[in-house]
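> If you scroll down you'll find the structure; I have some questions about it.
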Amino acid sequence: MPASVVVRLISLHAMPQAPIWSRLGFRERTASPDIQPQYQALIGQFVRETQVRVFYIEKNLKIENNVIQINGHRFRSHLVEKRCLGAERVFLLGASARAEDMQRLEEFQQSQNMEQAVILDAVLSEKVDYALDFVEKELTVELRRSGLVFGTRLSCGYGDFSLENQGYFFQALEFAQQGIRLSPQNILIPEKTVTALAPVFRR
2 MPASVVVRLI SLHAMPQAPI WSRLGFRERT ASPDIQPQYQ ALIGQFVRET
52 QVRVFYIEKN LKIENNVIQI NGHRFRSHLV EKRCLGAERV FLLGASARAE
102 DMQRLEEFQQ SQNMEQAVIL DAVLSEKVDY ALDFVEKELT VELRRSGLVF
152 GTRLSCGYGD FSLENQGYFF QALEFAQQGI RLSPQNILIP EKTVTALAPV
202 FRR
């Protein structure tokens, strides 16, 4: 298992498209005949043409007085405590859209090409989310060999897992080296960037 941050560029051409349609406000197979062929073509094109950077690293954790600690960082969250109770270690996961794809989205928006902008935005949003599922499934194969299994992962901003913790992910996943920034409001830039904490348990 990785002792340093693993960074990969993945395509995810086979990702499911139903969530993209849902984000656009439609069901994949019941969209209006007036838009379905055009939308389907654009969704397929953008899924093929875009890629996602993924990041992950394994960390030890300890629990003292019901406070989860990873390398001295304290996650003051009842939800994190509940998800990690009994865990042997954790994985820090991240996924981010490429700068080239974000630039293309910005160009669509600036040129008022809103149809393509909206569809590309939906594809990138769903692709970075799906990337976490993809990486977790890959790592699951390795964990099983050691009798380990993932618990339910958790992202900053959910429940009482405050966005203030995003700074720890930013540092631990070495995002600055990859051109990813963190705003004073603890928002990752580019906006199509997600992180998660995934506890690992003994089966």
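Numbering (my numbering), first residue to last: 2 to 204. C-beta: ideal position from N, C-alpha, C; glycine also. Just so we're clear, the structure is a prediction, and the values are computed from it rather than from any experiment.
DSSP three-state label for phenylalanine 170, please.
helix
> What is the rounded straight-line gap between the Cα of serine 78 and the Cα of glycine 152?
In a straight line, the C-alpha of serine 78 is about 17 angstroms away from that of glycine 152.
> Comparing alpha-carbon positions, which option in Leu13, Arg54 and Val142 lies nearest leucine 174?
Arg54
> Secondary structure at valine 81, three-state DSSP: helix, strand or coil?
helix
> At 3 residues or longer, what runs of the beta strand (DSSP E) sit wholly inside the stretch 92-159?
Entirely contained in the stretch 92-159, the beta strand (DSSP E) runs reaching 3 residues are, in chain order, 149-151.
> So valine 8 packs on glutamine 179, CB below 8 angstroms; how close in whole Å?
7 angstroms
> Inspect the CB distances between the stretch 124-133 and the stretch 188-201 and report whether three or more fall short of 8 angstroms.
yes
> Return the bridge partner residues of threonine 196 from the DSSP annotation.
Gly95
> From what residue to what residue does the alpha helix (DSSP H) around arginine 49 run?
37-50
> Do you know how far the Cα of glutamate 82 is from the Cα of isoleucine 188?
Each residue's alpha carbon lies about 23 angstroms from the other.
> Any idea which residues DSSP pairs leucine 183 with across the strands?
Leu189
> Mind checking which residues open and close the alpha helix (DSSP H) that includes arginine 75?
Not the alpha helix (DSSP H): arginine 75 falls in the beta strand (DSSP E), residues 74-76.
> For leucine 10, which three-state DSSP category applies?
Judged by DSSP in its simplified three-state form, leucine 10 adopts strand.
> When you compare only the Cα positions, how much space is there between asparagine 114 and glycine 148?
51 angstroms
> Based on Cα-Cα distance, which residue from Leu13, Phe56, Gln104 and Gly87 lies nearest to glycine 45?
When the alpha-carbon of glycine 45 is set against those of Leu13, Phe56, Gln104 and Gly87, the nearest one is in Leu13.
> When you compare the CB positions of phenylalanine 56 and serine 97, do they come within less than 9 angstroms of one another, or not?
yes
> What does the alpha-carbon distance come out to for the pair glutamine 41 and valine 68?
47 angstroms
> Taking the alpha carbon of isoleucine 58 as the point to measure from, which residue in Phe176, Ile181, Arg203 and Pro185 has its own alpha carbon closest?
Phe176
> Is the beta carbon of phenylalanine 92 less than 9 angstroms from the beta carbon of glutamate 50?
Not a contact, by the Cβ cut-off of 9 angstroms.
> Mind checking whether leucine 10 and glutamine 52 have CB atoms under 9 angstroms apart?
Against a cut-off of 9 angstroms, the Cβ pair of glutamine 52 and leucine 10 comes out as a contact.
> Kindly indicate which three-state DSSP category phenylalanine 202 falls into: helix, strand or coil?
The answer is strand: DSSP assigns phenylalanine 202 an E or B state.
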